[in-house]
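Working notes for the structure below.
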Amino acid sequence: MVKNNIDPSLYFGHIIATKTTSGDIFEGELYCYDTCLNFIILKDDNKNGTANFYIIRMHTIVDIETKQKLKTLYEVLPKIDKAIVEKIERKSIENFEKKKSRIGIRVTHEAQELFDFIWKT
Numbered sequence: 001m002v003k004n005n006i007d008p009s010l011y012f013g014h015i016i017a018t019k020t021t022s023g024d025i026f027e028g029e030l031y032c033y034d035t036c037l038n039f040i041i042l043k044d045d046n047k048n049g050t051a052n053f054y055i056i057r058m059h060t061i062v063d064i065e066t067k068q069k070l071k072t073l074y075e076v077l078p079k080i081d082k083a084i085v086e087k088i089e090r091k092s093i094e095n096f097e098k099k100k101s102r103i104g105i106r107v108t109h110e111a112q113e114l115f116d117f118i119w120k121t
C-alpha cells in the first residue's frame, strides 16, 4: 500500500485498486494521468465490451494497491502497408494539383467559394 503522494508513472497500465478519502474503492487499469492537474483516469472493462472510466483527483487517494502488473509494456503496433500510404499520397497530390489551378490570388474567401460553386455546375 502507498500513502497519498503517488507517482502515477509507476502504475501506468497496471490494474490497480484505489481507496479515496471518502472511503470509495475504484479498481481498473491506470489508463492515463495528468500530473499538472493532479488526476488519474482508471478504465474498468465490462463484460459486454464497454468500459467505465473513473476520473480521480490524486489528493483524494489514500491507498493504492497493484492488483495485476502489466505483462508487456506496450502493445505491438500493426504494420502499415507502404503501398497503400503511397497510393493515398499520390491521390491527394493529384487532387491538390487539380484544385490549385482554380485558387484565386488576392480573392476573398466568399469570392473563392462562389467561384468553386460555379465551377462545379
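The UniProt record's numbering applies: residue 1 is where the sequence shown begins, and numbers increase by one. Note that beta-carbon positions come from the ideal geometry of N, C-alpha and C, so glycine has one too.
Based on the DSSP secondary-structure assignment, which residues constitute the bridge partners of residue i?
{"i": "Y33", "result": "I40"}
{"i": "K19", "result": "I25, D63"}
{"i": "residue 189", "result": "Because the chain spans 1 through 121 in this model, residue 189 falls outside it and cannot be assessed."}
So, for residue i: in the same chain, excluding its five sequence neighbours on each side, which residues have a beta-carbon less than 6 Å away from its beta-carbon?
{"i": "F12", "result": "L30"}
{"i": "E27", "result": "A17"}
Residues in the same chain with beta-carbon distance under 7 Å from residue i, minus the five sequence neighbours each way, listed in chain order, please.
{"i": "I55", "result": "F39, I41"}
So, with DSSP's three-state summary, where would you put residue i?
{"i": "N52", "result": "strand"}
{"i": "D45", "result": "strand"}
Decide if residue i is buried, meaning its Cβ has at least 16 other Cβ atoms within 10 Å, or exposed.
{"i": "I15", "result": "buried"}
{"i": "P8", "result": "buried"}
{"i": "I103", "result": "exposed"}
{"i": "I93", "result": "exposed"}
On the premise that residue j lies in contact with residue i, defined as a C-beta separation below 8 Å, what is that separation, rounded to the nearest angstrom?
{"i": "T21", "j": "T60", "result": "5 Å"}
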